[in-house]
Amino acid sequence: DQQVKQNSPSLSVQEGRISILNCDYTNSMFDYFLWYKKYPAEGPTFLISISSIKDKNEDGRFTVFLNKSAKHLSLHIVPSQPGDSAVYFCAASAYAGANSKLTFGKGITLSVRP
Amino acid sequence: EAGVTQSPTHLIKTRGQQATLRCSPISGHTSVYWYQQALGLGLQFLLWYDEGEERNRGNFPPRFSGRQFPNYSSELNVNALELEDSALYLCASSVGQGPHRIQPQHFGDGTRLSIL
């Protein structure tokens, strides 16, 4: 049973436009969510996170939105740049009970066209 | 600041052998995590060590084991290797548990384990 789902395997956007990457989760115990970016032959790089007590967190061109009632989060990248082309993973954790493991989605491949 | 380092980068073994993968966390981080990324699958949680103790393990057989040393570095050992163990093994570290427990995990570049 996949607890974190990234249903779209790929996304292609024009440089300068907005990229919106979606993620859904099923475990209501999740209270901390993260986005990672991964280039080929490298490990995932932490991008941005959000705690369940918030519904939005912003860091430069990256904004993560959390809708707890819908168990949905999204990553907005504005403006998109060719260097943003990578695989993006959504991850979630349930810190209650000190369970620090991250549960990952399968990733979305973002392609930003010049 | 040095990031998470893993060695070796690549490791080739045959079925039935044993593999040892190593990880050095970011300085100041006391928690180390191991994940497996097999072909076509997402990252699957393997093990979590904090302050030298195993705190949690994922749904993997006992032949996957590890330890954390006093300097917080860690080893992942895989015994009786099987073909399906071929995967990228990623190590991550974070600040340990406590008041600052909600901290992101930072990953190394992984060890590619190939079983022939």
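From first to last, the protein sequence lines stand for chains R and B.
Going letter by letter, the first sequence gives residues 1 to 114 in my numbering.
Going letter by letter, the second sequence gives residues 1001 to 1116 in my numbering.
By construction, the Cβ of each residue, glycine as well, lies at the ideal position given by its N, Cα and C atoms.
C-beta atoms of residue i and residue j nearer than 8 Å
{"i": "K101 of chain R", "j": "N1056 of chain B", "result": "yes"}
{"i": "L11 of chain R", "j": "I108 of chain R", "result": "yes"}
{"i": "L1088 of chain B", "j": "F1064 of chain B", "result": "no"}
{"i": "V1018 of chain B", "j": "L1116 of chain B", "result": "One detail in the question is off: residue 1018 of chain B reads as Gln in this sequence, not Val. Taking 8 Å as the Cβ cut-off, Q1018 of chain B and L1116 of chain B do not qualify as a contacting pair."}
{"i": "K73 of chain R", "j": "F65 of chain R", "result": "Sequence inspection shows Leu at residue 73 of chain R; the Lys mentioned does not correspond to that position. Yes. Within cutoff."}
{"i": "A92 of chain R", "j": "Y32 of chain R", "result": "yes"}
{"i": "S1073 of chain B", "j": "S1024 of chain B", "result": "yes"}
{"i": "L1041 of chain B", "j": "Y1035 of chain B", "result": "no"}
{"i": "S1093 of chain B", "j": "H1010 of chain B", "result": "no"}
{"i": "Q1068 of chain B", "j": "G1058 of chain B", "result": "no"}
{"i": "Y25 of chain R", "j": "Q3 of chain R", "result": "yes"}
Selection from the options that minimises the alpha carbon distance to residue i
{"i": "I1026 of chain B", "options": "B:L1083, B:E1075, B:N1071, B:N1059", "result": "B:N1071"}
{"i": "V1095 of chain B", "options": "B:S1086, B:F1107, B:A1087", "result": "B:F1107"}
{"i": "G1016 of chain B", "options": "B:G1110, B:L1083, B:R1112", "result": "B:L1083"}
{"i": "K68 of chain R", "options": "R:I50, R:E58, R:D59, R:P79", "result": "R:I50"}
{"i": "G83 of chain R", "options": "R:K54, R:R113, R:L66", "result": "R:R113"}
{"i": "R17 of chain R", "options": "R:S74, R:Q81, R:N7", "result": "R:Q81"}
{"i": "F1060 of chain B", "options": "B:F1069, B:W1048, B:E1053", "result": "B:W1048"}
{"i": "I20 of chain R", "options": "R:T26, R:F30, R:S8", "result": "R:S8"}
{"i": "G1110 of chain B", "options": "R:P44, R:S85, R:A94, R:F30", "result": "R:P44"}
{"i": "S1086 of chain B", "options": "B:G1052, B:Q1044, B:Q1037", "result": "B:Q1037"}
{"i": "T1020 of chain B", "options": "B:P1008, B:G1028, B:T1030, B:S1031", "result": "B:P1008"}
{"i": "A94 of chain R", "options": "R:L47, R:K106, R:K71, R:S28", "result": "R:S28"}
{"i": "L47 of chain R", "options": "R:D55, R:K54, R:Y36", "result": "R:Y36"}
{"i": "L110 of chain R", "options": "R:E15, R:D24, R:Y25, R:T103", "result": "R:E15"}
{"i": "N57 of chain R", "options": "R:A70, R:L75, R:E42", "result": "R:L75"}
{"i": "G60 of chain R", "options": "R:E42, R:P79, R:I53, R:T103", "result": "R:P79"}
{"i": "V1004 of chain B", "options": "B:K1013, B:Y1033, B:T1014, B:S1114", "result": "B:Y1033"}
Under 9 Å from the C-beta of residue i: neighbouring residues of chain R
{"i": "S1065 of chain B", "result": "Neighbours of S1065 of chain B on chain R: none; closest Cβ ~16 Å, over 9 Å."}
{"i": "N1059 of chain B", "result": "What N1059 of chain B touches in chain R: nothing, since even the nearest Cβ is about 11 Å away."}
{"i": "F1069 of chain B", "result": "In chain order: nothing, as chain R lies at least about 19 Å away."}
{"i": "G1110 of chain B", "result": "A41, E42, G43"}
Residue range of the beta strand (DSSP E) that includes residue i
{"i": "N27 of chain R", "result": "Careful: N27 of chain R lies outside any beta strand (DSSP E) and carries neither H nor E."}
{"i": "D1050 of chain B", "result": "1043–1050"}
{"i": "K1013 of chain B", "result": "1010–1013"}
{"i": "I50 of chain R", "result": "45–51"}
{"i": "G1066 of chain B", "result": "1064–1068"}
{"i": "V64 of chain R", "result": "62–67"}
{"i": "Y1035 of chain B", "result": "1031–1037"}
{"i": "D1109 of chain B", "result": "Neither: D1109 of chain B is in no beta strand (DSSP E) and is coded neither H nor E."}
{"i": "Q1006 of chain B", "result": "1005–1007"}
{"i": "R17 of chain R", "result": "Run containing R17 of chain R: none; DSSP gives neither H nor E here."}
Amino acids of chain B, ordered along the chain, whose beta-carbon sits closer than 8 Å to that of residue i
{"i": "G105 of chain R", "result": "G1042"}
{"i": "L11 of chain R", "result": "The premise fails here: L11 of chain R is roughly 17 Å from chain B at the closest Cβ pair, so nothing lies under 8 Å."}
{"i": "S8 of chain R", "result": "Result: empty, since nearest Cβ-Cβ is about 14 Å, beyond 8 Å."}
Contacts that residue i makes with chain R (C-beta to C-beta distance below 7 Å)
{"i": "P1104 of chain B", "result": "L34, F46, S49"}
Neighbour list for residue i in chain R, Cβ cutoff strictly below 8 Å
{"i": "L1076 of chain B", "result": "Result: empty, since nearest Cβ-Cβ is about 15 Å, beyond 8 Å."}
{"i": "L1083 of chain B", "result": "Within 8 Å Cβ-Cβ: nothing; L1083 of chain B doesn't reach chain R, min ~22 Å."}
{"i": "L1090 of chain B", "result": "G43, P44"}
**Request:** Scan the region 22–48 of chain R for residues whose Cβ lies nearer than 8 Å to a Cβ of chain B and list them as they occur along the chain.
**Result:** Among the residues of the region 22–48 of chain R, those with a Cβ less than 8 Å away from any Cβ of chain B are Y32, L34, Y36, A41, E42, G43, P44, T45, F46, in the order of the chain.
**Prompt:** Which residues, taken in chain order from the region 1017–1031 of chain B, show a beta carbon closer than 8 Å to some beta carbon of chain R?
**Reply:** So the close ones are S1031.
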